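Participant: Please read through the structure below; I'll follow up with questions.
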Amino acid sequence: MLEEIVRLGLANSRDQAISLVLEAGLEKAREMVRRRRKARNILREFLETGLPYRVLPRAADVERDRER
Numbered sequence: 005m006l007e008e009i010v011r012l013g014l015a016n017s018r019d020q021a022i023s024l025v026l027e028a029g030l031e032k033a034r035e036m037v038r039r040r041r042k043a044r045n046i047l048r049e050f051l052e053t054g055l056p057y058r059v060l061p062r063a064a065d066v067e068r069d070r071e072r
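Under my numbering, the first residue of the sequence shown is numbered 5, with each subsequent residue one higher.
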């Protein structure tokens, strides 16, 4: 798990990964790894298939909707 923490960029070295696990606790560290994996999978999917939205609202549209 320590190597995966480093590979995912949550820590810069194994020593930092050990410190992270000790400070946050094993369950919290596992949750952090799970969330980072999920984010990387979503990013990889977006890079392969493109963003799921073809037409995004403009800033003016969002501001107008907020005023309502």
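From the three backbone atoms N, C-alpha and C, an ideal C-beta is built for every residue, glycine too. All values derive from a computational prediction rather than experimental measurement.
For the stretch 11-18 against the stretch 31-49, are there 3 or more C-beta pairs whose distance is under 8 Å?
Facilitator: yes
Participant: Kindly indicate which three-state DSSP category N45 falls into: helix, strand or coil?
Facilitator: As a first step, residue 45 must be located in the sequence shown, where it is residue number 41. Note: N45 maps to helix in three-state DSSP.
Participant: How about E18 and L26: are their beta carbons less than 8 Å apart?
Facilitator: Translated into the one-based positions of the sequence shown, residue 18 becomes position 14. Translated into the one-based positions of the sequence shown, residue 26 becomes position 22. According to the sequence provided, residue 18 is Arg. The question's Glu does not apply to it. Taking 8 Å as the Cβ cut-off, R18 and L26 do not qualify as a contacting pair.
Participant: How far does the alpha helix (DSSP H) with S23 in it reach, from first residue to last?
Facilitator: Taking the sequence shown and counting its residues from 1, the one referred to as residue 23 is at position 19. Element bounds for S23: R18 to A28.
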